[in-house]
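From first to last, the protein sequence lines stand for chains E and R. If you count the first sequence from 1, you need to add 641 to reach my numbering. If you count the second sequence from 1, you need to add 641 to reach my numbering.
There are 2 protein chains.
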Amino acid sequence: MNDTSRTDITRELARFVVESRWSSIPEAVRHEAKRALLNWAGCALGGCRDGTVDTALSALSDFSGPPQATLFGRSERTDILNAAALNALSSNILDFDDTHLRTVIHPTVPVAAAVIALAERSRATGAQLLHAFILGIEAECRVGNAISPEHYDAGWHITATCGIFGAAAACAKLLGLDTQKTIWAFGLAANTAAGTTSAHGSMTKSWNMANAARNGLMAALLAAKGFTSTEQGLEGDRGFARMYAQRCDLDEIVRGLGDTWELAQNAYKPYPCGIVAHPVIDACLALRDEPGAAPDAVERIELRVHPLVRMLMGNAAPLTGLEAKLSVHHCAAAALIHGAVGVREFTDACVNDPAVVALRARVTLVDDPAMPKAAAGVTVRLRNGSTLEKYLPHATGSLERPMSDEALGLKFRSLAEWGWPQCDTRAFIELAWSLDELTDAGAFARAAAPR
Amino acid sequence: MNDTSRTDITRELARFVVESRWSSIPEAVRHEAKRALLNWAGCALGGCRDGTVDTALSALSDFSGPPQATLFGRSERTDILNAAALNALSSNILDFDDTHLRTVIHPTVPVAAAVIALAERSRATGAQLLHAFILGIEAECRVGNAISPEHYDAGWHITATCGIFGAAAACAKLLGLDTQKTIWAFGLAANTAAGTTSAHGSMTKSWNMANAARNGLMAALLAAKGFTSTEQGLEGDRGFARMYAQRCDLDEIVRGLGDTWELAQNAYKPYPCGIVAHPVIDACLALRDEPGAAPDAVERIELRVHPLVRMLMGNAAPLTGLEAKLSVHHCAAAALIHGAVGVREFTDACVNDPAVVALRARVTLVDDPAMPKAAAGVTVRLRNGSTLEKYLPHATGSLERPMSDEALGLKFRSLAEWGWPQCDTRAFIELAWSLDELTDAGAFARAAAPR
């Protein structure tokens, strides 16, 4: 059943983006935007040397435009559309990006990748970048709210499909588009939104982000020149909400605009894998400290989880690091063996380590529809007949147990160390916390790559 | 209800594309490919000066790569991805392109735009270009067959959503990809397919084609470098067919591959507007020759048509040429007044001509579910009380009454005259009929633009 009473949703959202003033953005939201961008930059640096990025860059470089924008962690520069695509790819590939928990959107990737490339080119100030970014996240997550959970449940890759609206909104704001042109940008976004979760486990999963970032930026660039589109990209009969979801509540897109901020609902991951596995990991890390829990002593590990976990991360026998990111079995085994679940635990080497393979084979998934999605119960049955149990109601990084600014800084350092060890991490972190004071937002991007 | 029995559709289609040999393509299909490309080139030339193309080019030129490929009818050259996008835009903007009647796909636009740009860059022969093009059309239309009519009826812009598979297939063939990489190209296509008919009546309608051509070519370029994707882009649980249609018959994609050719089902338009209006136009042109049918004498015009006509072309009062292309009312009025329905009849000037406006207001649409989609009945009621009637079972340009090679040549001339009058049309038409003999397929593109 769809809400069919509203015919001005796209216009109202566009008007909000256009009329928003920096002075009306609460300080807490501004600070959260810096946290999101610091976390995102770390993810981009951590992923920048991944084969996925090398492969995409080798495919695109012959066709790329002038060197206008930074590729995070890399010496190459490309035109802003390709930079948006490639930085989206880098920042998503490790599955370490942030999460808007209500929708399971990873909100920063498509928005930041697009608007940071544009900001570098257009010499925006740091405050203009932050403002556009905040509005992009707002548009993206509100569109997601309107069609959740049906849209994601149906198999759409919600970060890509909704992220394109966020990228379009942020870039429209930075370009200073009026309401009519912002409406057209949303119409173009609605007509180029794509991506399904069938791509998960392959390089295309992150390409969905790249496509969203590129096409969202392109929508704003086209609209800026007067390229027309549908006026009801979101709410129309054949608009996005109705084409991509069996049920929608369009009022979610506009109710309380400017009073509440979706960025306040953003969470950051301590582990670089699907977020539904995080309570399992926390529980396994806690159990590892219990006496007698050495891997050799374990007979069986039972994970009691919401059925969504099997749907999203039910791969019991991953063969590669990429596949392991969608294997809760691997997460549990790695946590118990290594006492850490970082980028290293999702390398092919770790995934195929005989000790990990052996323990992973002893993991059993128990679907429990009554289990909250945020929680998990882990039972470790030991060979000696005894049992260790841990119930985790909220994982580290959840809204109930958020990562601190300091923890985000440490996460950034470890990711930079992994992907671009030459990074002056202390200086970059300082830059992130003072983003609103930068006269040239491009400094943020340029500090994240070799000169 | 979905056919869930097949799990190798994508692989079988990919293998067909890879293993196809030029020698096994029937002569009639080769000839039809030349007809399709001549018709397409005319459409591209006719549309190349449209404001839509100027606007898109002005938005993209700052970010475009090296001048690798021809923009039909224009002096600018761009990288092949932007050329694919912009030539798709030019060739669709007049709504004069071809039609695969079973699916209402306009098959050549996304496939030709992508593969011609790639062929120019890769110095393919004319035969290689034709071969890749034929296979692209085959993939595109078979995917469309599998999800028709539900997919289009739901509001998806089928030429864009299926065209991306055609562009991917053609470019994969021209790049010489193996079966695995072709499968990945289809997976990437499935994850970037987009476009709805909500865009109709705005510039975004043709941008949907541009996006399909660009992303189809991009899918092949990425796959060529080893960029991985889902193996079941078409038939998977969250593959294209199930995500984009309520019902699908996957066997349509592979049944009789190599025995039948979808290009043989291709039709060419004598009028530059939505094809469902063509029987109405033919009928009105015929009625215009009847004694007493002068516009001043007309009291009312009743169009008895299948309900799809109202859905696709029901705009009773268009304000622009673009809107008029989706107004069967305008088509009828223009035919009765001007005795011709060409590019000139879809200019803003003609649409707002008081005589046309007045007659258009007297057109009434009568939905008749029993009317075949290919047919129309027109009744002209005259002020003197008498009535003229015409029932048209098949329009000019239908498979039952196809345009001749000569008529296609004349159409090309009139379109070149409209968009790029400097074209040596005689030489270009000769080039089109001898495409299979060209040692450098790029000559075809270069002959369609200023030196």
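Virtual Cβ for every residue (Gly too), placed ideally from N, Cα, C. Note that the structure is predicted; figures quoted are calculated from it, not measured.
| query | R:Lys866 versus chain E: which residues are under 7 Å apart at the beta carbon? | reply | Thr696, Ser699 and Ala700
| message | Count Cβ pairs between the segment 776-789 of chain R and the segment 797-816 of chain R that sit closer than 8 Å; are there 3 or more? | response | yes
| task | With 8 Å as the threshold, decide whether the Cβ of E:Pro837 is near any Cβ in chain R. | result | The residue asked about is misnamed: residue 837 of chain E is Thr in this sequence, not Pro. By this cut-off, E:Thr837 is an interface position.
| query | Is the CB-CB distance between R:Asn728 and R:Leu701 below 8 Å? | reply | no
| query | Going by Cα to Cα distance, which pick from E:Val895, E:Gly867 and E:Asn849 is closest to R:Thr845? | reply | E:Gly867
| At a CB-CB cut-off below 9 Å, which residues of chain E make contact with R:Met952? | The premise fails here: R:Met952 is roughly 10 Å from chain E at the closest Cβ pair, so nothing lies under 9 Å.
| query | Taking any Cβ of chain R, which residues in the segment 795-807 of chain E have a Cβ under 7 Å from it, in chain order? | reply | Gly796
| query | If contact means a Cβ-Cβ distance below 9 Å, which residues of the segment 1061-1084 of chain E contact chain A? | reply | Within the model displayed, chain A is absent; protein chains E and R are what it includes.
| query | To the nearest angstrom, how far is it from the Cα of R:Ala809 to the Cα of E:Phe713? | reply | 29 Å
| message | Against chain R, does E:Asp736 count as a neighbour if the rule is that its beta carbon must be under 8 Å from one of theirs? | response | no
| For a contact meaning CB atoms closer than 9 Å, what does E:Asp720 contact in chain R? | Asp703, Phe704, Ser705 and Gly706
| request: Have a look at R:His772 and E:Leu771 and give me their C-alpha separation to the nearest angstrom. | output: 50 Å
| query | For E:Trp797, which of helix, strand or coil comes out of DSSP? | reply | strand
| field | Proximity to E:Trp825 [Cα-Cα], best of E:Ser839, E:Gly842, E:Asn852 and E:Met859 | value | E:Met859
| query | Helix, strand or coil for E:Val992 per DSSP? | reply | helix
| said: Measuring alpha carbon to alpha carbon, tell me which residue in R:Ala1068, R:His1035, R:Glu1041 and R:Ala669 is nearest R:Gly1050. | reply: R:Ala1068
| query | Going along the chain, which residues of the segment 823-851 of chain E sit with their C-beta nearer than 9 Å to a C-beta in chain R? | reply | Trp825, Gly828, Leu829, Ala831, Asn832, Thr833, Ala834, Ala835, Gly836, Thr837, Thr838, Ser839, Ala840, His841, Gly842, Ser843, Met844, Thr845, Lys846, Trp848 and Asn849
| Proximity test, Cβ basis, 8 Å: R:Thr648 and chain E | no
| said: Any contact between the segment 861-880 of chain E and the segment 683-690 of chain R? By contact I mean 3 or more CB pairs, one from each, below 8 Å. | reply: no
| message | For E:Val921 and E:Val992, which I take to be in contact (beta-carbon distance under 8 Å), what is that distance rounded to the nearest angstrom? | response | E:Val921 to E:Val992, Cβ: 17 Å. No contact.
| task | Please state whether DSSP places R:Val982 in a helix, a strand or coil. | result | coil
| request: Compare the C-beta of R:Arg715 with all C-beta atoms of chain E and state if any pair is closer than 8 Å. | output: no
| query | Which stretch, first to last residue, makes up the beta strand (DSSP E) that contains E:Arg1022? | reply | Ala1017 to Leu1023
| message | On a Cα-Cα basis, can you pick out the residue from E:Leu949, E:Met952, E:Val998 and E:Asp720 that is closest to E:Ala973? | response | E:Val998
| task | Count the other CB atoms, across all protein chains shown, that sit within 10 Å of the CB of E:Asn856; report buried if there are 16 or more and exposed otherwise. | result | buried
| field | Per-residue contacts from R:Met1044 into chain E (C-beta, under 8 Å) | value | What R:Met1044 touches in chain E: nothing, since even the nearest Cβ is about 31 Å away.
| query | So who's on the other strand from R:Thr648, going by DSSP bridges? | reply | Per DSSP, none; premise fails for R:Thr648.
| task | Compile a chain-ordered list of the residues in the segment 915-934 of chain E whose CB is closer than 8 Å to at least one CB of chain R. | result | none
| field | Spatial distance of R:Pro995 from R:Ala927 (CA atoms) | value | 23 Å
| By how many angstroms is the C-alpha of R:Glu1058 removed from the C-alpha of R:Cys782? | 31 Å
| Do E:Arg985 and E:Thr820 have their C-beta atoms closer together than 8 Å? | no
| request: List the residues of chain R whose Cβ lies closer than 7 Å to the Cβ of E:Arg879, in chain order. | output: Gly796, Thr837, Thr838 and Ser839
| Between which two residues does the beta strand (DSSP E) carrying R:Glu940 extend? | Val939 to Val946
| query | Any idea if R:Ser1075 is buried or exposed, counting beta-carbon neighbours within 10 angstroms, 16 or more meaning buried? | reply | exposed
| How many angstroms separate the CA atom of E:Ala934 from the CA atom of E:His971? | 17 Å
| request: In angstroms with no decimal places, state the Cα-to-Cα distance between E:Ala938 and E:Leu1023. | output: 6 Å
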